[in-house]
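First residue of the sequence shown: 6, per this note's numbering; consecutive thereafter.
Here is the structure we will look at.
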Amino acid sequence: MSDDLASATALELSQMIRTKRVSPVEVVTAALVRLERLEPSLNAFVTVTPDLALEGARRAEATLMAGGGDLPPLLGLPVSVKDLIAVKDVRATFGSRTLARAVAGFDAPVVERLRASGACIVGKTTTSEFGCKAVGDSPLTGITRNPWHLGKTPGGSSCGAAASVAAGVTPFALGTDGGGSIRIPAALTGLFGIKAQFGRVPVFPTSATPTLAHVAPIARSVRDAAWLLMSIAGFDGRDPAAVAEPIPDFLGACDAPVDGMRIAWSETLGYALPTAEVSGLTRSAVEVFERLGCRVEPISHVMDDPIDIWMSEFYAGAGTRLRRALIETRDLLDPAVAEILERALEQSLENYYAMVFKRYEFRETMRSLFQRYDLLVSPTLPVAAFDVGRNCPPELPDRGLVSWVSYTYPFNLTGQPAASIPCGLTTGGLPVGLQLVARVNREVDIFRAAAAFEAARPFPRLAESALSGERA
């Protein structure tokens, strides 16, 4: 993609398409060219779908030229889909050698909505195996790299989605989030990523972690994420948890005032161990909200670490779904993933349900907290991006595959809306994210606060330095 198109937001590209300054075919072709050029460095895609993308672009161009009536909202815009989401007649590998040849027989609801909105799917992006790690590698696809520094991880499990958007291949992408898998890579690659209220975006086929999983957008701007979310949200009867209410105006919320918003700020949530640079950058970011007129109240202890509750639910579900693979083809699995799934399956039924009830208690604790606040703000992660090939950052040697992320998984347990927005760069030039958590069903509060923050503290649109080979 030319530099102008690669750095443009989705809303900017849409305006260019609708005013016929550029055609959908030109936009999608440029995206595919950029993808091909950068893929050897990033390794962000499992499967590239140029025929599917160009077919959609030609259809969008015909619709545009025919004129008349309202145009589909995402007409002619290139987008990618994480390889945990079904796209009909396209490989669905889940990042695993055990499913290397699997092909989806139908579209997930979100993909149906992408097509209906006029978006053009350029490919399926990489994931850690079955979404079970918070970094960007799998036995099937190898290592996906961070465009801010090719020697660093982009985070996971939506690693390819984040790497490709940060590098300007597409303006936005669809990932998933069962413990932070959209917010983690958003933080490490300088993007805005949001998991909406649980059930706001339908999930089907049923996830291996059905009470935790979200399909979620990631983008280079807050408004682009709001726009994409509006196109994929809404009730679908195939998801029993789907929210049955009208889709809020997330894009309109980006223009709402923030003066007087009540914000709880917690640097550690009560247990996390952020680095000095993360602490400094996120504290500085919170001061922006105070200057914008928000009422910020520091809170040192929000909760005890709920990692045991989350692990009991997430890995028991994934382990049960993958039991056959664990027995018959364990040698094909990521060893770290296989080990933690096996341990999860050893828990007793009594222990599992003890954790289920603890989860309900935890949800009530958070509900009570949010009676006093509109948002809870914290670092998204305790660290910036670390070296590829590692499962955990060296700063946190006592944490595990997901427990190292510290801040994100609690809000999969509650189902609340939660997002990450970039808030600065370390001295090493790596992005740091700020997490915004809202009350149940109040994504609009995240969008108004995030849009105001983005305007007050702009962030670079593209991570170009690593891609030029300066920091490989």
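Beta carbons are placed, not taken as given, at the ideal position from N, Cα and C, and that holds for glycine.
- Within the DSSP bridge table, the entry for C125 names P83 as partners.
- CA-CA distance, A341 to R63, rounds to 44 Å.
- For the pair R150 and V393, the CB atoms are nearer than the 8 Å cut-off.
- A residue is called buried when at least 16 other Cβ atoms come within 10 angstroms of its Cβ; D336 does not meet this threshold and is exposed.
- The C-beta distance from G180 to I187 rounds to 5 Å, short enough to fall under 8 Å.
- Boundaries of the beta strand (DSSP E) harbouring S383: L380 to P384, taken from the DSSP string.
- Taking 8 Å as the cut-off, the beta carbon of S162 is found closer than this to the beta carbon of A139.
- Between the alpha carbons of D264 and T216 lies a gap of roughly 35 Å.
- Going by DSSP, D450 is part of no beta strand (DSSP E) but of the alpha helix (DSSP H) stretching over E448 to A461.
- In its chain, beyond the 5 residues on either side, F197, I199, P222 and A224 have a beta carbon closer than 6 Å to the beta carbon of A230.
- The residues Q202, in chain order, have a CB closer than 6 Å to that of N446 in the same chain once the five nearest residues on each side in sequence are set aside.
- In this structure A71 is exposed. Its beta-carbon is surrounded by fewer than 16 other beta-carbon atoms within 10 angstroms.
- Each of V442, R205 and Q352 was checked against the Cα of L381, and the nearest Cα belongs to V442.
- DSSP, reduced to helix, strand and coil, places I199 within a strand of the structure shown.
- DSSP places G438 in the strand class (E or B) of the three-state scheme.
- Taking C-beta separations shorter than 6 Å and ignoring five residues to either side along the sequence, the partners of E295 in its chain run V301, following chain order.
- Here DSSP, grouped into helix, strand and coil, assigns C397 to coil.
- Excluding the 5 residues flanking it on each side, L406 has same chain C-beta neighbours closer than 8 Å at C137, K138, A139, A341, V342, I345, N396 and C397, in chain order.
- Contact between K129 and T211 is ruled out by a C-beta separation of about 19 Å, above the 8 Å threshold.
- Comparing alpha-carbon positions, the option among Y412, S373, F391 and G433 lying closest to S383 turns out to be Y412.
- Taking 8 Å as the upper bound for CB-CB distance, D244 and V208 are in contact here, some 5 Å apart.
- For F464, the closest C-alpha among the options V437, R329 and D56 is that of V437.
- Residue environment: A461 is assigned as exposed (fewer than 16 neighbouring CB atoms within 10 Å of its CB, all protein chains considered).
- Using a Cβ distance threshold of 8 Å, L439 and A389 do not count as a contacting pair.
- For G257, the enclosing alpha helix (DSSP H) stretches over residues F255 to A258.
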